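Undergrad:
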Amino acid sequence: MVNILFSGLRGELFRWNCSDTPTNITPENQGHSMLIFSMLFVPNSPGLVITVSQDRVLIVWELVEESLPLVVLRLPTLSAGVFSLAQSSFSNSPLVAGLSDGSILFWKVYSSNMYDGNNSFDNQSKDKSISISPRGSQSSSITALAWHPLPQYENILAYGTESGCVEIVDINKLQKMQNQKPKPQLYAFGSTVYRVAWGPVVFTGSHHKNEQIETKSHSEPDNSAVLSNTTVEENVKCNTESGVKFPFYVYSVSKGKIHCHFGGGRPPVEVSMKFPSPPNTTEEDWKTLIRSDIAFRPVSKTKQLSGDPVPDTFDYLIGVGYRSGQVDVYGLSNSKLSNNLFFICRIVSHSKCVNCLAWSWDYYWLAIASNESFITVTDLKIQLFNALNQEQHLKPVQLSTCLARLEGHFNRITCLDWSPHDPFLLLSSSFDGTANVWRVHANNIENDTLSISNFRAHRLRLFTCLWSRQEPDLAFSGGELCLLFGWRPSEQIHSQPPHSRRHRPPTIKRLVNSDQEELCNGGILGESLQLEANPFINSEALKEKSNKEIMLNNDDRVTRASHKEKSVLSQNSSRKINSTGTAEKRKRPALFPNLFQFSINKQCELNLYHSPPFNMGTFLSHILSVSDFITEKVDDERLPTDLLILLPEVSVTRTCLLKYLKMEASHHLKLFHLGQRPNSLVHLDAYCIILLWIGCISSIPPVMSTECHMPFWLLYAIQLAQSTLAYPGSYNKLTVSKESPIVDIDLLGEKIRDMQTASPDILVSVTLLVCAHRVQEAVELLLSYDRVKEALVLARLRLNPSESWKYAEKCITRLIERSCSNEKSFFFIIYNIGKKEWLNATNMVHREVEVSNLRPGKEIEQLSWCWIGISLLLNTSSLDYLSSECLRLASMCLTVGFKLFPTEAIFLERWLDAFSRLLSSETTSCSGLIGSLLLLDIGQMTSFLMANYHQEESDISTIPYENHSDNWMKYINPDCITCLDRLVSDRQPSSLWEVCLTNFCVDFLLFYLVHNHVPPTKLPSDNSLTIYIDRYESSRKSCEYIKPKETTYLISHLFSTYQQVLVKNYSTSDNKLCFSPSDNV
């Protein structure tokens, strides 16, 4: 019997035996909901049929005789790119994907132990996917998703769109939403919603000003006039009086502001300015900050130590990211005060827009992703503990250090998600087309923060990623293409992200030539496919054989192509002909190939015979030379010409530039004489162009006659340069005088316009304008073609100083924009030093310090950049900034020095000498500089003690140490303690020996200064000394845990040098200090 299977208009399946009436065999609530496009019988299978429908679902059926077919597999498909993902941690929440076409896909990821029958979504069907378009024809990309955080509201989902709409969806009413028309959106921001997050009632009280956002209303609501001045407090009061208590509200980020949504037809309220501003921030700066993300973390769910005091004070931690790269951290107090939101600290580990903030589930860690290609993880435990103490000396701080810096991606990071199953795993997605899993250790152990898995199946940029809330080894990622991947990190081949800004998976091309069978069976392609199928095979011989065969194959192809080319070239001229039928111009080389191409770009390296103990790299030495030149510490002749043209004009600028251009002209002439190819004439043209620019016209005719090279444009240029005829100032407008019989037409302008249309040769056109004394137009023409270097040189050479610097600023700005990362910072620093904007230059130096931070082998480079920053700050009057940078560099010197055993003492001595030279009548009031000298002295003494310990173990005589701290004790003031307190606040937990030893030195110095140089009346409180003792004890225990013998030896000899410290009578709350100086001390 012949059976025919066909479909109906609504996705029904019918079976017909060509005689009886067709029978509907679709199982209830398991088939398609829309028209089926295609059906395919799977050959050699037990009645399997695949159907694809307009509802974007692929179903595999198993046909059973005289029974309804069974659903073997139900696979949803996507209609657009994936912008956002979300999954609730409660019950068996479906995976939700927000798509770029405005639809939301709900997909239940099946697991045998996940269905309990309590959720209406589960009861409809297993493995079922539902796609809805909540805005209907007005749909725009779903850019943000967030599930309600409470289990009793696990069916509530909030979403935001690209058009600025923010709404909630009840998944228990999805079928109803599919059948009804969408309601009009009353309030929309008109701009992309980058984040939606559920948060508690943050702002209460009646002292806040009324604030209302500007919204675009698609229709006029009836209560718009009544709620025109609605505030946060009024909305909360309205919800309370109506008997509906909402413990959470939706917060969104759009148009650079944070809004709170109350539902019930009430308009959203802007709450950006209700967050407390950080200290030393003006109201104007606070208003101009652009918010880019917000994240909430409930403190009560922490799984840290049982003695954690943070939950006793704070209910929630809130992170707010900005476009400038900084992040503010707030604590929501559980007290009944009117203002229960407190500023804790500001994190400044990024310099570009913050894209994502992710709080750890188990620790007080905040992961930050931005438009930069790295991720930072900051541990806020110390800052939270300090925030619990309301003392004056524990003010909110600015954090520049981080627990971990995750580097590997080569493009901006778009999304982060901590694993709910393993507290040390972090998932990230990037514009480089890959998703990555990182392992972050709690104590920042060396070589433990690693990239452990990388997923590379995507072909375009990624926008979102998500850990599965049910399975520990399952992650999801989605991006531009209509693909949503679920993958297992443990099964990935690659552990590191690829070295590419846009990774594309390799594709296997189909072979259509006659050699297909040979190549696939025993040739190169077959071997390469085997290698790709099993990447763990390490067959170097096979790879070498394949490479040789590929090279031979390519040589044969080149040989065959060359024979064909010769036969064609024998019938044509040697010049190429383009599609328009005109001869192509020879490609001209760069006019100034050596400009800004520093010949020896050496890196910073350690040098213990120098103070400070390093050799500067090329960029750093140039920066220091420019700084000395601007401050008139060196002569003009010592500065390279390619740096001199980046600075405001001085007396020798044009003289040095003329010498440089003559050298470049000689370089082109030399290349012409050495050249063997036909296009070597372009170097001769470049030689003539440079001579015309500098006005050496008399040197051109002898070379032209000798080389028999006399192009028409060169003759025309010489004619213009030697003529005294005044040409019109502009070739954009043609004017004809009616009174005079002579026609006043810009013939040169017409000629140049014709040259640009027919065969553009920008350098020839510019040279003609220069010879006609129309230099300003020539510079503008070069800028229009993005010939920045040539425009910069021509402007500095031929224009007057005021006009020259105006165009030079434009050129330098473009150089900064299009340069690579290291050159971009270099040009920016040089440019700001030239304008004497020292703080801007120092901020970029600080950025380079962060870039080189925590990279293996980059410690010396990091110290070098810090030293350059201090050198620039000496030209300003900002002693506070100088103090912070000095102490920061001193602590970094200790950390690096303690790793250089046995030369650590010499290393720190060289730094001590370098800092000593900074002392002058102006800098003695710099508290940070004095504190740095004391800290380096303690560090040097510690290194001597460690060396003596190892020599005593080897029965070698010890080295005596001479204390130099008395030279700087007279400059100590209470501000030194304040600066050191800031340094202590800006550090992360670590279990590295060198880091713990540095912290020990800092805490010991603080205790020593407080005990001996601050009167008790000037201490913030009676228990301040106890706080410093506790801090010292914590550092000592960290060192003892790693190296107990060395720590004991260090403590026993440390106080013999600082004889005024008598601490045997001081004790902490639960234990006494472990050291007790001898009586003769």
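As numbered in the numbering used here, residues 119 to 1199 make up the sequence shown, in order. C-beta: ideal position from N, C-alpha, C; glycine also. Predicted model only: the values in this text are computed from it and were never measured.
(1) Since residue 447 is in the beta strand (DSSP E), which residue starts that stretch and which ends it?
(2) Compare the Cα-Cα distances from residue 136 to each of 178, 130, 124 and report the closest residue.
(3) If I measure Cβ to Cβ from residue 128 and keep anything under 6 Å in the same chain, skipping five residues before and after, which residues do I get?
(4) Where do the ends of the beta strand (DSSP E) carrying residue 780 lie?
(5) Could you tell me whether any non-hydrogen atom of the ligand GTP is closer than 7 Å to the CB of residue 1062?
(6) Name the two residues that bound the continuous alpha helix (DSSP H) containing residue 914.
(7) Distance, Cα to Cα, residue 523 vs residue 495?
(8) Could you give the DSSP three-state label for residue 533: helix, strand or coil?
(9) Determine the direct distance from the alpha carbon of residue 122 to that of residue 134, and round the result to whole angstroms.
(10) For residue 712, which residues does DSSP report across the bridge?
(11) Could you compute how far the alpha carbon of residue 748 sits from the alpha carbon of residue 951?
(12) Can you grab the Cα-Cα spacing for the pair residue 267 / residue 208, in whole Å?
(13) DSSP state of residue 494, grouped into three classes?
(14) Quick one, are the C-beta atoms of residue 467 and residue 460 less than 8 Å apart?
(15) What number of angstroms, rounded off, separates the C-alpha of residue 1031 from the C-alpha of residue 982?
(16) Which complete beta strand (DSSP E) runs does the stretch 183-214 hold, if anything under 3 residues is left out?
(17) Roughly how far, in whole angstroms, is the beta-carbon of residue 1097 from the beta-carbon of residue 1046, given that I think they are within contact range, below 8 Å?
(18) According to DSSP, simplified to helix, strand and coil, what is residue 1225?
(19) Identify whether residue 388 lies in helix, strand or coil by the three-state DSSP scheme.
(20) Taking the straight line between their C-alpha atoms, what separation do you get for residue 1070 and residue 1113?
(21) What is the DSSP secondary structure of residue 840, counted as helix, strand or coil?
(22) From this set, 167, 214, 183, which residue's C-alpha is nearest residue 192's C-alpha?
(23) From which residue to which residue does the alpha helix (DSSP H) around residue 734 run?
(24) Out of 809, 768, 803, which one is the CA nearest neighbour of residue 778?
(25) Leaving out five residues on either side along the sequence, give the residues of the same chain with a beta carbon under 7 Å from the beta carbon of residue 889.
(26) Quick check on this structure: which residue in 260, 378, 216, 151 has the alpha carbon closest to the alpha carbon of residue 316?
(27) Tell me where the alpha helix (DSSP H) around residue 603 begins and ends.
(28) Taking the alpha carbon of residue 447 as the reference point, which residue from 429, 400, 394, 1121 has its own alpha carbon closest?
(29) With 16 other CB atoms within 10 Å as the buried threshold, where does residue 369 fall?
(30) Does the distance from the C-beta atom of residue 577 to that of residue 619 stay below 8 Å?
(31) For the alpha helix (DSSP H) containing residue 1011, name the first residue and the last one.
(32) Within this structure, are the beta carbons of residue 1027 and residue 1058 separated by less than 8 Å?
(33) Excluding the 5 residues preceding and the 5 following residue 1094 in the sequence, name in chain order all residues of the same chain whose CB lies nearer than 7 Å to its CB.
(34) If you draw a straight line from the C-alpha of residue 249 to the C-alpha of residue 153, how long is it?
(35) Should the stretch 306-321 be called in touch with the stretch 280-287, which here means at least 3 C-beta pairs below 8 Å?
(36) Let me know the secondary structure DSSP gives residue 363 once reduced to three states.
TA: On the basis of the data shown:
(1) For this step, residue 447 is matched to residue 329 along the sequence shown. Start and end: 445-451.
(2) Indexing the sequence shown from 1 puts residue 136 at position 18. Comparing Cα-Cα distances from residue 136 to each of 178, 130, 124, the minimum goes to 124.
(3) One-based indexing of the sequence shown puts residue 128 at position 10. Nothing meets the Cβ criterion.
(4) For the purposes of this step, residue 780 is taken as the residue at position 662 of the sequence shown. Looking at the DSSP string, residue 780 is not in any beta strand (DSSP E); the run it does join, the alpha helix (DSSP H), is 771-792.
(5) In the structure on display, the ligand GTP does not appear, and there are no ligands present to speak of.
(6) Numbered from its first residue, the sequence shown carries residue 914 at position 796. Where residue 914 is concerned, the enclosing alpha helix (DSSP H) stretches over 906-916.
(7) Counted from its first residue, the sequence shown places residue 523 at position 405. Counted from its first residue, the sequence shown places residue 495 at position 377. For residue 523 and residue 495, the distance between alpha carbons rounds to 6 Å.
(8) One-based indexing of the sequence shown puts residue 533 at position 415. Secondary structure at residue 533: strand, using DSSP grouped into helix, strand and coil.
(9) Taking the first residue of the sequence shown as position 1, residue 134 is located at position 16. Taking the first residue of the sequence shown as position 1, residue 122 is located at position 4. Computed Cα separation, rounded: 5 Å.
(10) Here the question's residue 712 lines up with position 594 in the sequence shown. Its beta-bridge partners do not exist; DSSP assigns none.
(11) Taking the first residue of the sequence shown as 1, we reach residue 748 at position 630. Taking the first residue of the sequence shown as 1, we reach residue 951 at position 833. Residue 748 and residue 951 have their C-alpha atoms some 7 Å from each other.
(12) Working through the sequence shown from its first residue, we reach residue 267 at position 149. Working through the sequence shown from its first residue, we reach residue 208 at position 90. Answer to the nearest angstrom: the Cα atoms are 9 Å apart.
(13) Here the question's residue 494 lines up with position 376 in the sequence shown. Correct three-state label for residue 494: strand.
(14) Numbered from 1 along the sequence shown, position 349 holds the residue referred to as residue 467. Numbered from 1 along the sequence shown, position 342 holds the residue referred to as residue 460. Not in contact: residue 467 and residue 460 (Cβ atoms no closer than 8 Å).
(15) The residue given as residue 1031 occupies position 913 in the sequence shown. The residue given as residue 982 occupies position 864 in the sequence shown. Using only the alpha carbons, I get a separation of about 15 Å.
(16) You should have 188-194, 200-204.
(17) For the purposes of this step, residue 1097 is taken as residue 979 along the sequence shown, with counting starting at 1. For the purposes of this step, residue 1046 is taken as residue 928 along the sequence shown, with counting starting at 1. Yes, residue 1097 and residue 1046 are in contact; Cβ-Cβ is about 5 Å, under 8 Å.
(18) This structure does not reach residue 1225, given that the chain is present from 119 up to 1199, and the question cannot be answered.
(19) For this step, residue 388 is matched to residue 270 along the sequence shown. If DSSP states are grouped into helix, strand and coil, residue 388 belongs with the strands.
(20) On the sequence shown, residue 1070 is found 952 positions in, with the first residue counted as 1. On the sequence shown, residue 1113 is found 995 positions in, with the first residue counted as 1. Note on geometry: alpha-carbon atoms of residue 1070 and residue 1113 lie some 24 Å from one another.
(21) Reading the sequence shown from its first residue, position 722 is the one you call residue 840. In this structure, residue 840 counts as helix in the three-state DSSP scheme.
(22) Numbered from 1 along the sequence shown, position 74 holds the residue referred to as residue 192. That would be 167, whose Cα lies nearest to the Cα of residue 192.
(23) To locate residue 734, count along the sequence shown from 1; it is residue 616. Per DSSP, residue 734 belongs to no alpha helix (DSSP H) and is neither H nor E.
(24) Position 660 of the sequence shown, counting from 1, holds the residue named residue 778. It is 809.
(25) Within the sequence shown, numbered from 1, the residue matching residue 889 stands at position 771. Exclusion of the five residues before and after residue 889 leaves 810, 835, 838, 839 as the residues of its chain whose Cβ lies within less than 7 Å of its Cβ.
(26) Locating residue 316 in the sequence shown gives position 198, where the first residue counts as 1. Among 260, 378, 216, 151, the Cα nearest to that of residue 316 is on 378.
(27) For the purposes of this step, residue 603 is taken as residue 485 along the sequence shown, with counting starting at 1. Counted as a single uninterrupted DSSP element, the stretch harbouring residue 603 is not any alpha helix (DSSP H) but the beta strand (DSSP E) occupying residues 602-605.
(28) For the purposes of this step, residue 447 is identified with residue 329 of the sequence shown, where counting begins at 1. The shortest Cα separation from residue 447 among 429, 400, 394, 1121 belongs to 394.
(29) On the sequence shown, residue 369 is found 251 positions in, with the first residue counted as 1. Taking all protein chains shown into account, residue 369 has 16 or more neighbouring C-beta atoms within 10 Å of its C-beta and is therefore buried.
(30) To locate residue 577, count along the sequence shown from 1; it is residue 459. To locate residue 619, count along the sequence shown from 1; it is residue 501. It is not a contact, given that the beta carbons lie outside the stated cut-off.
(31) Residue numbering aside, residue 1011 sits at position 893 when the sequence shown is read from its first letter. Where residue 1011 is concerned, the enclosing alpha helix (DSSP H) stretches over 997-1015.
(32) Indexing the sequence shown from 1 puts residue 1027 at position 909. Indexing the sequence shown from 1 puts residue 1058 at position 940. Yes; because the gap between Cβ atoms is below 8 Å, this pair is in contact.
(33) Taking the sequence shown and counting its residues from 1, the one referred to as residue 1094 is at position 976. The residues are 1045, 1048, 1049, 1127.
(34) On the sequence shown, position 131 is the one that residue 249 refers to. On the sequence shown, position 35 is the one that residue 153 refers to. So the two alpha carbons sit approximately 15 Å from each other.
(35) Verdict: yes, contact present.
(36) One-based indexing of the sequence shown puts residue 363 at position 245. Reliability of the predicted coordinates at residue 363 is poor, the pLDDT of 49 falling under 50, and the value obtained from them is presented with this limitation in mind. When secondary structure is reduced to three states using DSSP, residue 363 falls in the coil class, being assigned neither helix nor strand.
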